[in-house]
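Have a look at the structure below, then the notes.
Chains as they are written, first to last, in this note's numbering: chain A, -9 to 258; chain B, 107 to 366.
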């Protein structure tokens, strides 16, 4: 137990150094970093504008009003951008397996999955994060719910949501250990993200069950938002968000270790 | 015509990746479910929005999913990468024009997406009664309009690539592409736009990409207005092709290859 705790503490301590190194390498060329991310803000605002234009004509999606839809949408891209910024290197697993680069991570005395994701901080998705924060701030204001507790809850929900997205992509990319090429699974995982953008109850019963209990992307936006709305019936589901996130992450991690056991190397 | 060989080649290349293909089809079905659910929920409490009924809206958005691959942003025009690596000299010494070569090569890729994903999707939507195929003359006009939409979407990316080549910037149209998507009517018809935005979108070439072909297919563009929409498409298509040629020849003249 003591050994285990020490090990975890070491990983946490090292993460600071990884982050520091990654951040310094981003800042080596500050001008491209800033222009890329300004473009990123415009990119996300483009999709926000779409929702806004839609609501100049309509009053509700199903039973949800504009500020409610905005909060759900904002939460979904908040979770997504947190995932994108800190976990994007997962997308390289297939390449690492194909080229044998993964062997380098396997012989080091650190968790391989940890090394994959800690090794890189994304350079072009900070704009999406900024947009998400603006959206959440605005919609909380419109709902009259801009309280400290709600903001803390949004943080918990965003981190949980990013874990859910990460779990999906861990499974998708772990397929590379079996199939070498996994881009098909990865792109499918990116599309499933889209379910989180709109209120989950617009979908049919079958789809809703799947995105709640099987691939729980509805917990990345729709359910946690219910706590802010004070929606009695769904509040308990909202509170389950961090638990569901940890459970799905545990499952994904288990799958990852099993998949890694099957890794045989691709030769030189 | 020699350029069609490029189209054929690129079309056949698509069939090499089977696992990817299944995932693409799965992704396309997911998008259909999302879009269908979204619009059904939006129309739950009203009959007509901005003069458009649920039926026309479903027809517009579902057909939008069918042709979305064909009319999607060309994935990273290879020209940019080939300039940095110096490989572009091999393209320039060929007895074929690089602009046309890319146009037709990418057409092969677009046709592959249409045949491999679009047609199965159309069949499913038609069999389940979600989509009705319009009468033959409308269908013919739709196809012509969609082809002009393709030239517009290609030219948008090509022009952006040429401009970034001149300015040596890293940011191109693909980094702000959601704006193009909105103005093209990919998410919903331009009839939803507030007045000032509609004026802007009506002037710009982007509505040629989705709004005009899909509006013709779904009947959202009234039969009386089809001719003027096609004229708008034709004028912009020609302008963009001419602009591409002028800027491209300027780019080739100032091209510096550093190693390679």
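Yeah, the Cβ is synthetic: ideal placement off N, Cα and C, and Gly gets one too.
Note that the coordinates shown come from a computational prediction; the quantities given were computed from them, not determined experimentally.
| DSSP on residue 159 (chain B), reduced to helix/strand/coil? | It is a strand residue.
| query | Between the Cα of residue 251 (chain A) and the Cα atoms of A:165, A:127 and A:218, which residue gives the shortest distance? | reply | Residue A:165 is the option with its Cα nearest to residue 251 (chain A).
| request: Give a yes or no on whether the minimum CB-CB distance between residue 32 (chain A) and chain C is below 9 Å. | output: Annotation note: the requested chain C is absent from the structure, which comprises protein chains A and B.
| Cross-strand partners of residue 154 (chain B) (DSSP beta bridge) | Bridge partners of residue 154 (chain B): B:159.
| said: I want to verify the contact list: residues of chain B whose CB lies under 7 Å from the CB of residue 47 (chain A), in sequence order. | reply: Neighbours of residue 47 (chain A) on chain B, chain order: 155, 156 and 298.
| query | Using CA coordinates, which residue listed in B:254, B:129 and B:320 is at the minimum distance from residue 164 (chain B)? | reply | Ranked by how close their Cα comes to the Cα of residue 164 (chain B), the residues B:254, B:129 and B:320 have B:320 in first place.
| said: Within the continuous alpha helix (DSSP H) that includes residue 252 (chain A), where are the two ends? | reply: No alpha helix (DSSP H) contains residue 252 (chain A), which DSSP labels as neither H nor E.
| query | If you draw a straight line from the alpha carbon of residue 244 (chain A) to that of residue 214 (chain A), how long is it in whole angstroms? | reply | Cα to Cα, the separation comes out at about 26 Å.
| task | Pair every Cβ in the segment 42 to 62 of chain A with every Cβ in the segment 305 to 317 of chain B, then say whether three or more of these pairs are closer than 8 Å. | result | With contact defined as three or more Cβ pairs closer than 8 Å, the segment 42 to 62 of chain A and the segment 305 to 317 of chain B are not in contact.
| request: Evaluate contact between the segment 252 to 266 of chain B and the segment 221 to 229 of chain B, counting only Cβ atoms and requiring at least three cross-stretch pairs below 8 Å. | output: Segments in contact, no.
| query | Leaving out the 5 sequence neighbours to the left and right, which residues in its chain are closer than 7 Å to residue 134 (chain B) when beta-carbon positions are compared? | reply | Same-chain partners within the cutoff: 171, 223 and 227.
| query | By DSSP, does residue 51 (chain A) sit in helix, in strand, or in coil? | reply | The answer is strand: DSSP assigns residue 51 (chain A) an E or B state.
| query | To which residues of the same chain is residue -7 (chain A) closer than 6 Å at the C-beta, ignoring the five residues directly before and after it? | reply | So the list is empty, once near-sequence residues are dropped.
| field | Chain-ordered chain A contacts of residue 150 (chain B) [CB-CB under 7 Å] | value | Here the neighbours are 52.
| Does the beta-carbon distance from residue 291 (chain B) to residue 317 (chain B) come in below 9 Å? | Result yes, Cβ atoms of residue 291 (chain B) and residue 317 (chain B) sit closer than 9 Å.
| query | residue 194 (chain A) to residue 142 (chain B), Cα distance in whole Å? | reply | Each residue's Cα considered, the two are about 10 Å apart.
| message | I need the straight-line Cα distance from residue 132 (chain B) to residue 76 (chain A), nearest angstrom please. | response | Near 27 Å, if we compare the C-alpha coordinates of residue 76 (chain A) and residue 132 (chain B).
| field | is_contact[residue 5 (chain A), chain B] using C-beta, thresh 9 Å | value | With 9 Å as the cut-off, residue 5 (chain A) does not count as an interface residue toward chain B.
| task | Would you check if the distance between the CB atom of residue 68 (chain A) and the CB atom of residue 59 (chain A) is smaller than 9 Å? | result | For the pair residue 68 (chain A) and residue 59 (chain A), the CB atoms are not nearer than the 9 Å cut-off.
| field | Local Cβ density within 10 Å of residue 258 (chain A), reported as buried at 16 or more and exposed below that | value | Only weak support exists for where residue 258 (chain A) lies, its pLDDT of 49 falling under 50; the coordinates are left without a value.
| From the beta carbon of residue 178 (chain A), is the nearest beta carbon of chain B less than 9 Å away? | Answer yes: the Cβ-Cβ gap between residue 178 (chain A) and chain B drops below 9 Å somewhere.
| query | Can you check whether the CB of residue 168 (chain A) is closer than 9 Å to the CB of residue 190 (chain A)? | reply | Result no, Cβ atoms of residue 190 (chain A) and residue 168 (chain A) do not sit closer than 9 Å.
| field | Residues of its chain near residue 259 (chain A), where Cβ-Cβ distance is below 8 Å and the 5 sequence neighbours each way are ignored | value | Residue 259 (chain A) is absent from the model: chain A starts at -9 and stops at 258.
| Does any CB atom of chain B fall closer than 9 Å to the CB of residue 220 (chain A)? | Taking Cβ atoms only, chain B never reaches closer than 9 Å to residue 220 (chain A), which makes this a no.
| query | Sorted by chain position, which residues of the same chain lie with C-beta nearer than 6 Å to residue 116 (chain A)'s C-beta, five sequence neighbours on each side aside? | reply | The residues are 27.
| request: Assign residue 215 (chain B) to one of three DSSP states: helix, strand, or coil. | output: Correct three-state label for residue 215 (chain B): helix.
| field | 9 Å Cβ cut-off: residues of chain A touching residue 288 (chain B) | value | Under the 9 Å cutoff, chain A gives 36, 37, 39, 40 and 43.
| Touching or not, the segment 332 to 348 of chain B and the segment 241 to 258 of chain B, by the rule of three or more beta carbon pairs under 8 Å? | Touching, per the Cβ criterion.
| task | Output the distance between the C-alpha atoms of residue 63 (chain A) and residue 131 (chain A), rounded to the nearest integer angstrom. | result | Each residue's Cα considered, the two are about 15 Å apart.
| task | Along the alpha helix (DSSP H) that carries residue 11 (chain A), what are the first and last residues, could you check? | result | Residues -8 to 16.
| Can you give the Cα-Cα distance for residue 48 (chain A) and residue 155 (chain B), rounded to whole angstroms? | Going by the C-alpha atoms only, they are around 7 Å apart.
| field | Reference residue 80 (chain A), options A:103, A:97, A:72 and A:126, closest by Cα | value | Nearest Cα to residue 80 (chain A) within the set A:103, A:97, A:72 and A:126: A:103.
| request: Anything in chain A within Cβ reach of residue 132 (chain B), meaning under 8 Å, just list it in chain order. | output: Near residue 132 (chain B) (Cβ distances below 8 Å), the residues of chain A are 178 and 181.
| DSSP on residue 105 (chain A), reduced to helix/strand/coil? | In the structure shown, residue 105 (chain A) sits in a helix (DSSP, three-state: H, G or I).
| said: Counting only C-beta atoms, is residue 207 (chain A) closer than 9 Å to chain B at any point? | reply: No, no contact with chain B.
| task | Using 8 Å as the cut-off, classify the Cβ of residue 135 (chain A) as near or not near the heavy atoms of the ligand ATP, replying yes or no. | result | As far as ligands go, the structure on display features none, and thus does not contain the ligand ATP.
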